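If you're matching positions, the sequence shown starts at 24 in the working numbering and goes up one per residue.
Every residue, glycine too, gets a C-beta built ideally from N, C-alpha and C.
All values reported here derive from a predicted model rather than from experimental measurement.
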Amino acid sequence: MYRTCAATIALLLITALPAAALVHSGRSGETAFSVYAPDWTWQKGDINILVVFENPAPGPVRHTVELVLPEAFRDHFGHAGAAPIPAEALTRTVDVPAGATARTALTKITALDGVALQRYPLMLRVTREGEARAEEVPYALQTVRGAAVNPGQWALYVPAGVALAFCIAFALMFRRFAAPGAWKRPSEPIVCPENQPGWVEQEP
Numbered sequence: 024m025y026r027t028c029a030a031t032i033a034l035l036l037i038t039a040l041p042a043a044a045l046v047h048s049g050r051s052g053e054t055a056f057s058v059y060a061p062d063w064t065w066q067k068g069d070i071n072i073l074v075v076f077e078n079p080a081p082g083p084v085r086h087t088v089e090l091v092l093p094e095a096f097r098d099h100f101g102h103a104g105a106a107p108i109p110a111e112a113l114t115r116t117v118d119v120p121a122g123a124t125a126r127t128a129l130t131k132i133t134a135l136d137g138v139a140l141q142r143y144p145l146m147l148r149v150t151r152e153g154e155a156r157a158e159e160v161p162y163a164l165q166t167v168r169g170a171a172v173n174p175g176q177w178a179l180y181v182p183a184g185v186a187l188a189f190c191i192a193f194a195l196m197f198r199r200f201a202a203p204g205a206w207k208r209p210s211e212p213i214v215c216p217e218n219q220p221g222w223v224e225q226e227p
């Protein structure tokens, strides 16, 4: 009982840990914005960055969101799985109506493989149209090892091997704990008790 409680508490604590993501709130002029982005990705995996704007002003505003890649790391990233990454994939412009909310996203930005795993010092720049000053949000992105197996035949062999291992484990468990030939004998028929209460047969 003690071990079960300890395992349950540990599971709850693990699931209560903060999400591995960048969550940042700021303001660009009168407009509030929030940024949501993963702070790690697999190599050859895509990242998507969501930016939400809330405009309390009586008139519409236009904002530009730009992901700034250091020049030294620019060839470490691609778009939709391929290199190089085009400039238009790093910039989005969004019109936010008066008193409304608008969303935009930078999508399919790929961390390419073939380079060392590392933490990239990226930057998100939010600019309001007509203003020279931009709000900058530091964005540290960590890359981790890619898939455990290469695509192709290994993607079939590994699941099949895992399934076979479980089948062997089940067979050994049945042999150890079940009576010999038990699977050949039919189970005893289920007999209803003689004095069962009447509500058992009632349908709701």
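In the DSSP assignment, the residues bridged to Phe-100 are Ala-134.
Of His-102, Ala-139 and Glu-152, the smallest CA-CA separation from Gly-52 is found for Glu-152. Taking 8 Å as the cut-off, the beta carbon of Thr-116 is found no closer than this to the beta carbon of Leu-140. In terms of Cβ geometry, Thr-114 and Thr-87 form a close pair [threshold 8 Å].
Counting along the chain, Trp-177 sits inside no beta strand (DSSP E); it lies in the alpha helix (DSSP H) bounded by residues 177-200. Pairing Ala-157 with Arg-168 gives a Cβ-Cβ distance that is not under 8 Å. Look at Glu-159 here: in three-state DSSP terms it is strand.
Pairwise C-beta distances place the stretch 80-96 out of contact with the stretch 189-198, as fewer than three of them are shorter than 8 Å. In its chain, beyond the 5 residues on either side, no residue has a beta carbon closer than 6 Å to the beta carbon of Gln-219.
In this structure, Val-74 lies away from Val-119, with their beta-carbon atoms at least 8 Å apart.
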